[in-house]
């Protein structure tokens, strides 16, 4: 729903990486692997 | 000139070893020289290309196939003992050989030879040919051995570089991720502090709004 | 048993080739058999370990060094023509050999041989030994050739994998940087938007402050 979408848009970037929570090796690998082939 | 020496026994003297040397220039089918010796006497003969063709025709065999049979019988170390049979008459100097297939023997060829007056020279020539072949083979083997050692060294070298590349690739990935994480977390800390500041600034305004 | 056949010429008959076969069990220094033939006649002899030791002592040479000289002279194809000289007396059946060094010749050894009654058998045995050596060398040659081909295939394989790894490493670096830049730029965009918001919120406050 729009409010959930809004919540996630505030918390995460369009690649699924959190704006606020520090990342670690596993999380960053997960973010990178979910990304489509970058141009 | 190609030469091949084989050990053969004759059907008439199965326990006595004889040596048969075949020598040819371009191909066996273009004609060859035969030398036969029992270590004491020696006989030689020549077989021409036309004689070979004639023999093949007589046997209704393709010339290539016939030459192949000649090679197996005369220039391959005598061939399997039960396949090719040889015979020689010292009186008539007639040499013949046949092939046995499934208990059926058929004549493969025959030549007339001439007895050599001075067999010692022919025998010496045959031994010299053997020694030359031994020397050639040894030189070839040494060359192949060196080649193999070189290839093994090259393989070890490339394998080492491959393993280093694999390690370097893994190290690169680890290193990049470490750097990325540091930089990203710096940015996130900045975002958190800006967000906190924004909340602090926006809080009194919200209170004022409530009071109003 | 190890065997070696060499072509030699005697000082007394420099144009006539003879064949010298040396055969030994464990090492040359533990004793050996000699066979000499001119393709017609044959002579044999035995040299024992003690005779070899005695000869070395007589020459004030270390046994190992003497055996090495024997190997070079008798079992290495006759050695360089101008280094080792051989001689044989058919009357006394005495075989001797010497080494020439810087125009100085010194006796290296000598043996008494016995003439063989039936030289044909000895000659046949010598030819058989040559053929066996040829067959062994050819088998070794084929084995080395196969090894050579295998090593070349292995080298090509690992070289291919190494090249792929180098390309993959470069591609990995490029790819990770691309992804990192995208994620990092998202954080920077967020920071910029927070800065902008903060400025917007703080601007009216600064104006109010000015008014007061």
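Protein chains in written order, with our numbering: chain D, 38 to 76; chain W, 40 to 251; chain Y, 40 to 251. Note that beta-carbon positions come from the ideal geometry of N, C-alpha and C, so glycine has one too. Since the structure is predicted, the reported quantities are computational estimates derived from the model, not experimental observations.
Review point. Using the beta-carbon count (16 or more within 10 Å), is residue 53 of chain W buried or exposed?
Key: For residue 53 of chain W, the number of other beta carbons within 10 angstroms of its own is below 16, and it is reported as exposed.
Does residue 171 of chain Y have its Cβ less than 7 angstroms from a Cβ in chain W? It does not: the Cβ of residue 171 of chain Y has no partner Cβ on chain W nearer than 7 angstroms.
Cα separation between residue 99 of chain Y and residue 110 of chain Y?
Rounded to the nearest whole angstrom, the C-alpha separation of residue 99 of chain Y and residue 110 of chain Y is 18 angstroms.
Is the region 191-200 of chain Y touching the region 81-94 of chain Y, taking contact as three or more C-beta pairs under 8 angstroms? The region 191-200 of chain Y makes no contact with the region 81-94 of chain Y: fewer than 3 CB pairs, one atom from each, lie closer than 8 angstroms.
Task: Delimiting residues of the beta strand (DSSP E) encompassing residue 41 of chain Y - done: Boundaries of the beta strand (DSSP E) around residue 41 of chain Y: 41-49.
### Message
Please classify residue 145 of chain Y as buried or exposed, where buried requires at least 16 neighbouring CB atoms within 10 angstroms.
### Response
With fewer than 16 Cβ atoms within 10 Å of its Cβ, residue 145 of chain Y is classed as exposed.
Practice problem: Have a look at W:182, W:246, W:69 and W:79 and flag the residue whose alpha-carbon is nearest the alpha-carbon of residue 160 of chain Y. | Solution: Residue 160 of chain Y has its Cα closest to that of W:79, out of W:182, W:246, W:69 and W:79.
query: Quick one: does residue 62 of chain Y have its CB under 7 angstroms from some CB of chain W?
result: Interface flag for residue 62 of chain Y against chain W is unset, since no Cβ pair is found closer than 7 angstroms.
Checklist entry - Taking the alpha-carbon positions, what's the residue 61 of chain D to residue 232 of chain W distance? => result Cα to Cα, the separation comes out at about 20 angstroms.
Quiz prompt | DSSP bridge partner residues for residue 60 of chain Y (one or two, in chain order) | solution = Residue 60 of chain Y pairs with Y:44 and Y:74.
Chain-ordered chain Y contacts of residue 73 of chain W [CB-CB under 9 angstroms]:
Identification of chain Y residues near residue 73 of chain W by a Cβ-Cβ cut-off of 9 angstroms yields none; the smallest Cβ-Cβ distance measures about 16 angstroms.
Report the option in W:63, W:69, W:49 and W:59 whose CA atom is closest to the CA atom of residue 75 of chain W. For residue 75 of chain W, the nearest C-alpha among the options comes from W:59.
- Give a yes or no on whether the C-beta atoms belonging to residue 94 of chain W and residue 148 of chain W are separated by under 7 angstroms. It is a contact, given that the beta carbons lie within the stated cut-off.
ask   = On the three-pair Cβ rule with 8 angstroms, is the region 160-178 of chain Y touching the region 163-173 of chain W?
value = They touch, by the three-pair rule.
C-beta neighbour in chain D for residue 227 of chain W, strict 7 angstroms: At least one chain D Cβ lies under 7 angstroms of residue 227 of chain W.
- Item | Contact set for residue 155 of chain W: own chain, Cβ-Cβ below 8 angstroms, skip 5 residues either direction | The beta carbon of residue 155 of chain W sits closer than 8 angstroms to those of 80, 81, 82, 83 and 161, all from its chain and outside the five residues before and after it, given in chain order.
- request: Would you list the one or two residues that DSSP bridges to residue 114 of chain W?
  value: Answer is none; residue 114 of chain W lacks a bridge partner.
| message | Using 8 angstroms for Cβ pairs, my map puts residue 122 of chain W next to residue 138 of chain W. What's the rounded Cβ distance? | response | About 6 angstroms separates the beta carbon of residue 122 of chain W from that of residue 138 of chain W, a gap short enough to meet the 8 angstroms contact definition.
Check your understanding: According to the Cβ coordinates, are residue 150 of chain W and residue 106 of chain W closer than 7 angstroms?
Key -> Not a contact, by the Cβ cut-off of 7 angstroms.
Q) If you run the structure through DSSP and keep just helix, strand and coil, what is residue 84 of chain W? A) It is a strand residue.
**Request:** Quick one: grab the DSSP three-state call for residue 9 of chain Y.
**Result:** Because chain Y is modelled from 40 through 251, residue 9 of chain Y falls outside the range shown and cannot be assessed.
Next on the checklist: Less than 7 angstroms between CB atoms is the rule here; does residue 231 of chain W satisfy it with respect to chain D?
Outcome noted: Yes, contact with chain D.
CA-to-CA distance, residue 174 of chain W to residue 173 of chain Y, given in whole angstroms
Rounded to whole angstroms, residue 173 of chain Y to residue 174 of chain W spans 9 angstroms at the Cα level.
Comparing the C-beta of residue 56 of chain D with each C-beta of chain Y, is any distance below 7 angstroms? At least one chain Y Cβ lies under 7 angstroms of residue 56 of chain D.
* Does the beta carbon of residue 52 of chain D come closer than 7 angstroms to any beta carbon on chain Y? -> Interface annotation, residue 52 of chain D: in contact with chain Y, CB-CB separation under 7 angstroms.
Would you verify that the beta carbon of residue 217 of chain Y is, or is not, closer than 7 angstroms to some beta carbon of chain D?
Taking Cβ atoms only, chain D reaches closer than 7 angstroms to residue 217 of chain Y, which makes this a yes.
Closest to residue 62 of chain W by CA distance: which of W:73, W:56, W:68 and W:69 is it? The residue with the shortest Cα to Cα distance from residue 62 of chain W is W:73.
Could you tell me whether any Cβ in chain W is nearer than 7 angstroms to the Cβ of residue 21 of chain Y? With chain Y covering only 40 through 251, there is no way to say anything about residue 21 of chain Y.
Could you tell me the distance, in whole angstroms, from the CA atom of residue 59 of chain D to the CA atom of residue 241 of chain W?
Between the alpha carbons of residue 59 of chain D and residue 241 of chain W lies a gap of roughly 25 angstroms.
message = To the nearest angstrom, how far is the alpha carbon of residue 235 of chain W from that of residue 71 of chain D?
response = A straight line joining the alpha-carbon of residue 235 of chain W with that of residue 71 of chain D spans about 30 angstroms.
ask   = Should residue 49 of chain W and residue 96 of chain W be called a contact, given that it needs their Cβ atoms to be closer than 7 angstroms?
value = In this structure, residue 96 of chain W does not lie closer than 7 angstroms to residue 49 of chain W by Cβ.
Original post:
Between which two residues does the alpha helix (DSSP H) harbouring residue 89 of chain D extend?
Top reply: Since the first residue of chain D shown is 38 and the last is 76, residue 89 of chain D is not available in this structure.
Nearest-angstrom Cα separation, counted from residue 216 of chain Y out to residue 42 of chain D: A direct Cα-to-Cα measurement between residue 42 of chain D and residue 216 of chain Y gives close to 29 angstroms.
Residue closest to residue 47 of chain D, alpha-carbon to alpha-carbon, out of Y:247, Y:239, Y:228 and Y:246:
The shortest Cα separation from residue 47 of chain D among Y:247, Y:239, Y:228 and Y:246 belongs to Y:228.
- Taking Cβ-Cβ distances below 8 angstroms as the criterion, which residues of the region 58-69 of chain D are in contact with chain W? Answer in chain order: 58, 59, 60, 61, 62, 65 and 66.
_Coil, strand or helix - residue 171 of chain Y by DSSP_ = Residue state, collapsed to three classes: helix.
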